[in-house]
Amino acid sequence: MVQNFVFALGALALFVSYRVLSSFIKTRRHASQSRELGCRSPPKLREQDFLGINTIKEILAASKGKRVPDLLVDRVKRVSTREGRRVDTFVQQQLLRQNVFTVDPKNVQAILATQFQDFGLGSLRRNNFLPLLGNGIFTADGEGWEHSRAMLRPNFAREQVADLDLEERHVQNLMLALPVDSKSWTEELDIQKLFFRITIDTATEFLFGESVDSQLINLPRKASSTSKSAHQEESVFATAFDNSQSWLAYRGQLGALSWLLNPKELQESNKQCHAFIDHFVELALKNTSSDGDNLEKGETKSRYVFLENLARQTRDPIEIRSQLLNILLAGRDTTASLLSWLFHFLIRHPNIQQTLRAEIIASFGPYSSPRNLSFAGLKNCTYLQWCLNETLRLYPVVPVNSRMAMRDTSIPRGGGPDGSAPVYVRKGDLVVYSVHVVHRRPDLWGPDFNEFKPERWSGKRAGWDYLPFNGGPRICLGQQLALTEAGYVTVRLLQRFGEVGMGSQEVVAESPKQNLTLTSCPNDGVWVRMKEAKE
130 MVQNFVFALG ALALFVSYRV LSSFIKTRRH ASQSRELGCR SPPKLREQDF
180 LGINTIKEIL AASKGKRVPD LLVDRVKRVS TREGRRVDTF VQQQLLRQNV
230 FTVDPKNVQA ILATQFQDFG LGSLRRNNFL PLLGNGIFTA DGEGWEHSRA
280 MLRPNFAREQ VADLDLEERH VQNLMLALPV DSKSWTEELD IQKLFFRITI
330 DTATEFLFGE SVDSQLINLP RKASSTSKSA HQEESVFATA FDNSQSWLAY
380 RGQLGALSWL LNPKELQESN KQCHAFIDHF VELALKNTSS DGDNLEKGET
430 KSRYVFLENL ARQTRDPIEI RSQLLNILLA GRDTTASLLS WLFHFLIRHP
480 NIQQTLRAEI IASFGPYSSP RNLSFAGLKN CTYLQWCLNE TLRLYPVVPV
530 NSRMAMRDTS IPRGGGPDGS APVYVRKGDL VVYSVHVVHR RPDLWGPDFN
580 EFKPERWSGK RAGWDYLPFN GGPRICLGQQ LALTEAGYVT VRLLQRFGEV
630 GMGSQEVVAE SPKQNLTLTS CPNDGVWVRM KEAKE
């Protein structure tokens, strides 16, 4: 008995000694590599914060209060004030990890482009997203990512993005939800809800060949000829998809401890999402088999379907499901968030709204007889593009993101007394970057950086100081699809309605709360009343 105890004690002492020695050797190695690269230490978020407990508590409180992007702005100000200079890069402790936080465009360019091979999404993000999204373009690194991108890229060719007939069908369903009274006014409503419905409808038709028709499901019975019971599964899917995203966003705040939060509600939502997608995948695998025979006989498909094109590239139903969920996430939420923030600004700036409407009418004509409404026409509508750009500057759809170092490396700036020296990054460390903060740097955007001013884009050529769709090899494949859909919906709404006013339930605040799931949108909705124009 005593002998066993002594043996166990000796083994424990040997293990502890090994870990201490191993840690010492690693520390020496990192210090040597850091010196060779000319790196210097950056400032710390907090000088004393055991295991980063206070940092974690702060981010969880901000998440609960819907203020995460505001907290990031505040942290940069806080460290800058303490250091007596502008600080764009600092380190923060989170449990046993030391993460680098940066809002320096040069560093962001390094991790996304010039040092692309040194950084990846990493295991933390992959493990968090995997239960819902599977192995797809937003969870994969290396060869897996290259395979996903090669598979998906052809599906975002201009001829697919420019299919505005599909868009118009769903815009007409949107208009059914906007009846007017005898004085030509709509009732007060949260238009953000309508934006999320139209974007999931268009995304599912583009992806599956069949829309979930969430807009029709939610119409009053007298306004809809669609049986609500016939679309119960679609309604369940939309709710489950939103629920899964909310849980994944919350898990993401826990970092390496995200695996501890795996409630039954999340598991059930993921199952419902998978079951819904699997139904369409099964049909596509059958259809593409017969389509292949028909195409060999000279017959052609009448309409492009994203899913069926994927099914011709792979017969693995799990891989197809994963890629679909990855693209659906981006296709629905990105566009709905952009539209919501745009109208958030338009109801606060009626002069800008009227300038935009005047250009829309001049370029595309009235609602009942539109003209030149094409992909090229939307791109050439200058003031519309300025408004979209300015919206994405102030409220980028993904305000904070990160990359994990895949090897010991460095980023160009942030170290030393003046922040000009490189910063050493160990393998496995995260570099967190906030586009939200980059887009609000006064030294990059001027003293009016907080103001919504579309005219600032006159003659402006965006660089790494403007990244609404990321940059480098992983730049968003669907950015033109999102901009086209957002532009088209905006044009059709402002053609029909001559005035979009602020509703009485709209929350007016200097800094609105943001509902940050995997993307960002106004937490309190966008409440409007709209007056139909006389043509």
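In this text, residue positions in the sequence shown follow the working numbering: the first is 130, and each later residue adds one.
For every residue, glycine included, the Cβ atom is placed at its ideal position computed from N, Cα and C.
Original post:
Name the DSSP beta bridge partners of V540, please?
Top reply: Looking at the sequence shown, residue 540 is not Val but Ile. V552, per the DSSP bridge assignment.
Original post:
Which value, in whole angstroms, describes the spacing of the CA atoms of S587 and L485?
Top reply: 15 angstroms
**OP:** Taking only heavy atoms of the ligand NAD into account, decide whether any of them is closer than 7 angstroms to the Cβ of V300.
**Re:** For the ligand NAD, the structure offers nothing, since it holds no ligand at all.
Subject >> DSSP state of Q223 mapped onto helix, strand, coil >> reply: strand
Original post:
Whose C-beta lies closer than 6 angstroms to the C-beta of D422 among residues of the same chain, with five residues either side of it excluded?
Top reply: Note that D422 has pLDDT 48, beneath the 50 cutoff, so the model's placement of it is unreliable and no number is given.
Original post:
What residues are listed by DSSP as bridge partners for Y496?
Top reply: According to DSSP, Y496 bridges with nothing at all.
Subject >> Three CB pairs or more closer than 8 angstroms across the region 469–479 and the region 336–351 >> reply: no
Original post:
By how many angstroms is the C-alpha of M533 removed from the C-alpha of G381?
Top reply: 14 angstroms
Subject >> G654 versus E317 - alpha carbon distance >> reply: 12 angstroms
Subject >> Proximal residues to I266 (C-beta, below 8 angstroms), its chain only, five neighbours per side dropped >> reply: W274, S277, R278, L281, Q452, N455, I456 and L606
Subject >> Nearest-angstrom Cα separation, counted from A378 out to G545 >> reply: 34 angstroms
Original post:
What number of angstroms, rounded off, separates the C-alpha of D547 from the C-alpha of R214?
Top reply: 8 angstroms
Subject >> Those residues which DSSP pairs with F248 across a bridge >> reply: A534
Original post:
Exposed or buried, which one is C650 when buried takes at least 16 other CB atoms within 10 Å?
Top reply: buried
Original post:
Going by C-alpha distance, which of S192, L189, Q223 and T210 is nearest D558?
Top reply: Q223
Original post:
Do you know offhand how far P349's Cα is from T331's?
Top reply: 21 angstroms
Subject >> K660 to R522 span [Cα, whole Å] >> reply: 29 angstroms
Original post:
Around the Cβ of S343, are there at least 16 other Cβ atoms within 10 angstroms (buried) or fewer (exposed)?
Top reply: buried
Original post:
Is it right to say S388 is buried, meaning 16 or more other beta carbons lie within 10 angstroms of its own, or is it exposed?
Top reply: Correcting the residue identity first, residue 388 is Trp in this sequence and not Ser. Burial call: exposed.
Original post:
If you follow the alpha helix (DSSP H) that C516 is part of, which residue opens it and which one closes it?
Top reply: T511 to L523
Original post:
Candidates L262, S539 and L201: which alpha carbon is nearest T447's?
Top reply: The sequence shown places Ile at residue 447, rather than the Thr named in the question. With distances taken between Cα atoms, I447 lies closest to L262.
**OP:** Excluding the 5 residues preceding and the 5 following T464 in the sequence, name in chain order all residues of the same chain whose CB lies nearer than 6 angstroms to its CB.
**Re:** T328, A611, E614 and A615
**OP:** Report yes or no: do three or more beta-carbon pairs, one from the region 203–211 and one from the region 495–503, lie closer than 8 angstroms?
**Re:** no
Original post:
Skipping 5 residues on each side, what residues in its chain have a beta carbon closer than 6 angstroms to that of T619?
Top reply: none
Original post:
Thinking C-beta only, is I406 closer than 8 angstroms to R441?
Top reply: no
**OP:** Measure how close the beta-carbons of W515 and P597 come, nearest whole angstrom, since I'm counting them as under 8 angstroms.
**Re:** Not a contact, Cβ separation roughly 14 angstroms.
Original post:
Whose C-beta lies closer than 6 angstroms to the C-beta of V561 among residues of the same chain, with five residues either side of it excluded?
Top reply: N228, F230 and S531
Original post:
Would you call the CB atoms of V552 and T218 closer than 8 angstroms?
Top reply: yes
**OP:** Following the continuous alpha helix (DSSP H) through G616, name the residue where it begins and the one where it ends.
**Re:** Q608 to R625
Original post:
Could one say the Cβ of L262 lies closer than 8 angstroms to chain D's Cβ atoms, at least one of them?
Top reply: Absent here is chain D; the protein component of the structure consists of one chain.
Original post:
Under the three-state reduction of DSSP, which class applies to K193: helix, strand or coil?
Top reply: helix
Original post:
How would you label A269, buried or exposed, when you count the other beta carbons within 10 angstroms and need 16 or more for buried?
Top reply: buried
Original post:
Can you give the Cα-Cα distance for R196 and L412, rounded to whole angstroms?
Top reply: 43 angstroms
Subject >> Classification of E664 by the beta-carbon crowding that lies within 10 angstroms, buried from 16 upward >> reply: exposed
Original post:
Helix, strand or coil for D319 per DSSP?
Top reply: strand
Subject >> C-alpha distance - E176 paired with L467, whole-angstrom precision >> reply: 38 angstroms
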